[in-house]
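For reference, the structure discussed in these notes is given below.
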Amino acid sequence: MNPARLRALATPLRAGVRAQLRAAAPRAVRTLVAPTTPASASVSEAHVVEEAVADVPGFKVSSKGGKIAGRPIYLDMQATTPMDPRVLDKMMPLFTEQYGNPHSRTHAYGWEAEEYVEEARENVAKLIGAGAKDIVFTSGATESNNMIIKGIANFHKSKKRHIITTQTEHKCVLDSCRFLSTQGFEITYLPVSQTGLISLDELKAALRPDTSLVSIMAVNNEIGVIQPLAEISQLLKAYAKEQGVTKPLFHTDAAQAVGKIAIDVEAMGIDALSISGHKIYGPKGVGAAYVRRRPRVRLEPLIHGGGQERGLRSGTVPAPIVAGLGEAARIATVEREADHAHVSKLSERLINGITSQVEHVVRNGDVNGYPGCVNLSFAYVEGESLLMALKDVALSSGSACTSASLEPSYVLRALGAADDMAHSSLRFGIGRFTTEAEIDMVIDRIVKVVTKLRDMSPLWEMVQEGIDISKIEWSGH
Ligand SMILES: Cc1ncc(COP(=O)(O)O)c(C=O)c1O
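Residue numbers (UniProt numbering): 1 to 477.
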């Protein structure tokens with residue numbers, strides 16, 4: 001990251017916070033860095049740096065005996081993003097002095113906390129082109145998805161019992177739907193093409209007069225594919241008009257989309273949408289649901305109690321983390337385009353850097369997807385060995401460890417990827433604080449590791465000899 005960008009990130013930290021950070025720093029050299037592993041902090045013999053010191057707690061780096069003992073380079077931004085220092089800065093007073101309950105009506109502590117919450121609501125709304133009153137705070141996108149999908153299904157169940165979603169949704173959408181199917185609802189799971197996109201024709205064919213909800217994610221968390229949200233909503237409107245039925249409601253899980261690509265609920269005709277704080281450089285444990293008020297989207301609440309958040313989500317609103325989410329949303333509104341340009345540049349560098357040096361690499365997903373999510377399969381390399389050999393880079397693989405077996409990702413399977421290609425896939429998640437030096441180091445590591453693993457592979461040897469291994473008939477034992 002260039003120094004100007006770093007400085008811009010560092011300056012908003014309040015003097016008090018800075019003093020605390022300084023006090024926590026054990027070393028004499030105290031340079032404030034953004035919350036990412038600086039390139040110089042990576043575990044690599046090739047990169048020995050004299051004074052690699054990051055003194056933000058949690059991002060400490062030390063050098064011992066000429067070797068850097070540090071934390072891996074973080075390229076797993078779809079799993080979570082580091083919190084922006086400006087977000088922490090916003091939250092701090094609510095943990096220390098302004099700790100009131102935002103629902104307390106009788107004193108200044110309550111009023112000031114409420115002010116933070118309402119400011120956050122405005123900022124979250126602005127990021128997606130909504131009105132502040134349409135926003136309901138939740139604990140994250142899992143809760144928002146559950147609340148919206150089950151809530152809408154239950155509200156309409158006397159007349160409509162059919163829901164449409166896709167095979168490549170996040171587990172919390174799939175499992176909410178699966179739960180509903182045990183309650184007498186019918187679910188259609190739309191397939192996707194080789195690039196991960198749904199077919200509008202298939203969606204149209206799946207619609208029924210008793211379809212209450214269509215839930216299709218905005219950006220996929222494994223392959224970054226962007227679904228055509230505006231076209232989907234237009235199709236739903238046209239279908240309702242044609243058939244003379246009420247329009248099925250349109251929900252999108254936008255956990256990986258907000259702050260990353262332009263989202264405008266009005267222009268895109270979205271009725272309900274899910275947001276997660278920790279995917280947009282905000283805190284964990286907080287999120288939001290956009291539930292349109294005019295015309296009103298009706299849903300049954302999952303949580304009952306004090307009637308907070310329009311009665312849709314009872315419980316004291318956690319003002320500190322909600323203020324953090326609001327600040328993350330405010331920053332994303334201002335910096336989304338710059339972030340996108342930064343991420344695109346690094347994404348291109350990563351893809352070119354790897355594919356120009358390593359052959360038989362397949363990019364999973366759509367080339368027009370979100371550039372910060374790069375999913376690559378390395379043929380003739382075993383995914384787990386790849387990850388094991390890349391201990392100095394924090395990445396996700398296309399295999400999910402479920403119980404005792406290593407299963408290839410259901411998302412990659414839905415694209416029609418062969419099991420071995422799904423097994424050998426890696427997801428590179430690039431974000432606001434990723435640096436060019438980190439990308440270069442990762443390219444270097446990938447090239448070395450893939451080459452080494454292939455050199456040890458009998459399959460690779462056969463490929464080198466020109467044998468078409470897809471034609472081999474393997475005998476079993
Ligand atoms: C697409 C998508 N939806 C939902 C979630 C769940 O978000 P949260 O961790 O806020 O519950 C995630 C996080 O992995 C996600 O990527």
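Quick reminder that beta carbons are idealized off the backbone N, C-alpha and C, glycines included.
With a 10 Å radius around the Cβ and a threshold of 16 neighbouring Cβ atoms, F95 comes out exposed. For V297, there is no enclosing beta strand (DSSP E), since its DSSP letter is neither H nor E. The C-beta of W460 has 16 or more other C-beta atoms within 10 Å across all chains shown, which makes the residue buried. Here the alpha carbon of D392 sits roughly 42 Å from the alpha carbon of L180.
Straight across, the Cα-Cα distance linking Y281 with M77 is about 9 Å. Here H251 carries a strand assignment [DSSP, helix/strand/coil]. Taking non-hydrogen atoms of ligand 1 into account, the C-beta of S470 is found less than 6 Å away from none of them. For N146, the CB contacts under 7 Å within the same chain, skipping 5 residues up- and downstream, are C172, S176 and L302 in chain order. Per DSSP, the continuous alpha helix (DSSP H) segment holding G326 begins and ends at A319 to T355. Across the structure, A206 and I270 are spaced so that their CA atoms are roughly 19 Å apart. When the beta-carbon positions are compared, L412 and N364 come within less than 7 Å of each other. One thing to note: A257 has its Cβ no nearer than 7 Å to the Cβ of V297.
Beta bridge pairing from DSSP links D76 with G429.
In this structure, the straight-line span from the alpha carbon of M91 to that of A108 is close to 18 Å. Distances from the CA of P248 to each of K260, I149 and R349 were compared; the closest alpha carbon is that of I149. Short note on T142: C-beta closer than 6 Å to some heavy atom of ligand 1. By the beta-carbon neighbour count (other beta carbons within 10 angstroms, threshold 16), Y290 is buried.
Judged by their CB atoms, I261 and A254 are not nearer to each other than the 7 Å cut-off.
DSSP places A272 inside the beta strand (DSSP E), whose first and last residues are A272 to S276. Nearest in C-alpha terms to Y189, of all of Q308, L213, S397 and G285, is L213.
Residue pairing of V361 in beta bridges, as defined by DSSP: F378. In terms of CA proximity to G140, G324 leads the group L229, L387, D210 and G324. The Cβ atoms of G353 and I430 do not sit closer than 7 Å to each other. Under DSSP, the beta-bridge partners assigned to S396 are R427. A straight line joining the alpha-carbon of E384 with that of M456 spans about 15 Å.
As computed with DSSP, V291 is found in a beta bridge with A272. For I135, the closest alpha carbon among the candidates K345, A288 and Q98 is that of A288. For Q227, the shortest C-beta to heavy atom distance toward ligand 1 is 6 Å or greater.
In the structure shown, the three-state DSSP call for E118 is helix.
Residue nearest to L235 within the set G259, I223, R208 and M441 is R208 (criterion: CA-CA distance).
Separation of the CB atoms of I198 and T166 is rounded to 6 Å, and the pair is thereby assigned contact status at 8 Å.
F378 sits away from V265, with the two beta carbons spaced by 7 Å or more.
Beyond the five residues adjoining it in sequence on each side, G244 comes within less than 6 Å, by CB distance, of no other residue in the same chain. One thing to note: L395 has its Cβ within 7 Å of the Cβ of L426. Going by beta carbons, V117 and V317 fall inside the 7 Å limit. Using a Cβ distance threshold of 7 Å, S314 and S144 do not count as a contacting pair.
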